[in-house]
Amino acid sequence: MALDIARLEQDLARGLAPIYLLLAEEPLQAIEAADAIRAAAREQGFLERTVLDLTAQSDWGPFEAAIRDRSLFAERTVLDVRLATGKPGKTGGDHLKAYAGDPQADLVLLLQLPRPDRDMRRAAWFKALENRAVVIHARPVPPAQLGSWIRARLQKNGLRITDPALALLVARVEGNLLAARQEIEKLALAGVTEIDETVLAEATTDSARFELFALAPTALRGDVRHTLRMLEGLLDEGQAEPLILWALARECRLLVQAMERKAAGAPDREAFQGSFGDGQKALRQAMSRLDLSAARGLLGEAARVDRVIKGQENGNARQGLLDLVARMAGRPLTRPEPALNSQRV
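All residue numbers for the sequence shown refer to the UniProt record's numbering, where the first residue is 1 and numbers rise by one.
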């Protein structure tokens, strides 16, 4: 059953399904949907949780053990499986397909996947789960609806905002829901109830700290020195390395997609779909100095850093992030690795 993400909490209140298939296209929507499912499970007596990060190369024995090797008196459990590549391989696919045919009554499977491509949707394991699971597609908020989304969030926090201030906030976050949530949280902590442009500037501007979502556009504009300073600042502040990488990889994907669409003859409106404001300007500047092979190489390097962060490859994650932003700015710190055109982060 496909379920609109806006109806998730209402559906959870009626009871839990045995399987949830969470298609994590937009990070914040996916994070909040997963949190809601786990919270509902705790309230309904599923007090244990097993988390597995799996790939096609993983040993799927722990998955089978989490399902089968459970005592008669074991606590009801949430099995939280993250399949970041969306490719379980034959062994993993067989396990998932088998479970879809025989889910356990005292276990909730939460399977988190990236946005499904055509190959994933055609896979037998995906079809089997899709037929049995509640499917939640965490999509980006369309640009035309972002203002309403932000206003509704502010209202939940008891805040009202003027139309000009809302337009300014929409432009500032540039479609990034994580950035929008960050700004809303700062406003909620500011002790105000009515937000106009002056209040917005005072409550959300902090020149002493570097904003996560300004990092990738600064790199793509070619300002290597400022980019490296920004990244050092974020890391020193304790910003999570996976979140930094997500923000960088997102812009690298947008860059590759825009270049591929332009090469296929797409008009600008279609080519730059998903980018806004200063972020789109930065993409255009990067396209003026990079070819498609180099852009794909950036995405490949982001995939390598992702493996380092996850412990799947040796290396220094901090140095990998520094080198990635330097390459995005056009001044690599180390020799580039071969492009991994098919990798996704």
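The beta-carbon is built from N, C-alpha and C at its ideal position, and this holds for glycine as well. Treat the numbers as computed from the prediction; the structure is a model and nothing was measured.
- Spatial neighbours of glycine 15 in its own chain (CB-CB distance under 8 Å, excluding positions within 5 residues in sequence) are listed in chain order as Gln44.
- If you compare the alpha carbons of Leu28, Ile136, Ala249, Ala65 with that of aspartate 4, the shortest gap goes to Ile136.
- Under the rule that a run must span 4 or more residues, the alpha helix (DSSP H) segments found entirely inside the region 122-158 read 124-132, 146-156.
- In the displayed model, glutamine 273 falls within coil according to three-state DSSP, outside both helix and strand.
- Closest in C-alpha terms to leucine 299, from the list Arg42, Val256, Gly86, comes Val256.
- The Cβ atoms of leucine 146 and tyrosine 20 do not sit closer than 9 Å to each other.
- Judged by DSSP secondary structure, alanine 24 falls within the beta strand (DSSP E) whose first and last residues are 19-24.
- In the DSSP assignment, no residue is bridged to valine 173.
- Taking the C-beta atoms as reference points, alanine 219 is found nearer than 9 Å to leucine 248.
- The three-state secondary structure of threonine 162, taken from DSSP, is coil.
- Secondary structure note for arginine 253: it is in no beta strand (DSSP E), and the uninterrupted alpha helix (DSSP H) holding it is 241-263.
- Sequence-distant Cβ neighbours of threonine 227 in its own chain, meaning closer than 8 Å and more than five residues away, are Leu215, Thr218, Ala219, Val325, Ala326, Met328, Ala329.
- Closest by C-alpha distance to glutamine 280, out of Asp291, Asp268, Ile150, is Asp268.
- Take the alpha-carbon of arginine 76 and the one of aspartate 35: they are about 17 Å apart.
- In this chain, the beta strand (DSSP E) harbouring glutamine 112 covers 107-113.
- CA-to-CA, the gap between leucine 22 and alanine 41 works out to about 15 Å.
- DSSP places leucine 189 in the helix class (H, G or I) of the three-state scheme.
- Looking only at Asp94, Asn176, Ser148, Arg307, the smallest Cα-Cα distance to glutamine 29 is reached by Asn176.
- Between the C-alpha atoms of arginine 160 and leucine 47 there is a straight-line separation of about 38 Å.
- Partner residues in the beta bridge of aspartate 80, as assigned by DSSP, are Val51, Leu110.
- The residues Trp149, in chain order, have a CB closer than 6 Å to that of valine 141 in the same chain once the five nearest residues on each side in sequence are set aside.
- With distances taken between CA atoms, glutamate 183 lies nearest to Val173 out of Val192, Gly191, Val173.
- By the neighbour-count criterion, in which 16 or more other beta carbons inside 10 Å mark a residue as buried, arginine 221 falls on the buried side.
- Per the Cβ contact rule, the region 151-158 is not in contact with the region 116-136 (fewer than 3 Cβ pairs under 8 Å).
- Pairing leucine 12 with leucine 168, the inter-Cα distance amounts to about 35 Å.
- For glutamate 32, the uninterrupted alpha helix (DSSP H) segment begins and ends at 27-43.
- Shown here for threonine 91: same chain residues with a beta carbon closer than 6 Å to its own, the five before and five after excluded, namely Trp60 in chain order.
- At the C-beta level, alanine 171 and leucine 129 stay beyond 9 Å of one another.
- Around the beta carbon of arginine 132, a 10 Å sphere encloses 16 or more other beta carbons of the protein chains shown; the residue is thus reported as buried.
- Taking every protein chain shown into account, the CB of glycine 320 has 16 or more other CB atoms within 10 angstroms, so this residue is buried.
- Cβ atoms of arginine 82 and glutamine 112 come within 8 Å of each other, at about 5 Å.
- Setting aside the 5 residues that flank it on each side, valine 305 is surrounded in the same chain by Leu245, Ala317, Gly320, Leu321, Leu324, each with a C-beta closer than 7 Å to its C-beta; the list follows chain order.
- In the three-state DSSP reduction, leucine 3 falls in the strand class (E or B).
- With fewer than 16 other beta carbons inside 10 angstroms of its own, alanine 65 counts as exposed.
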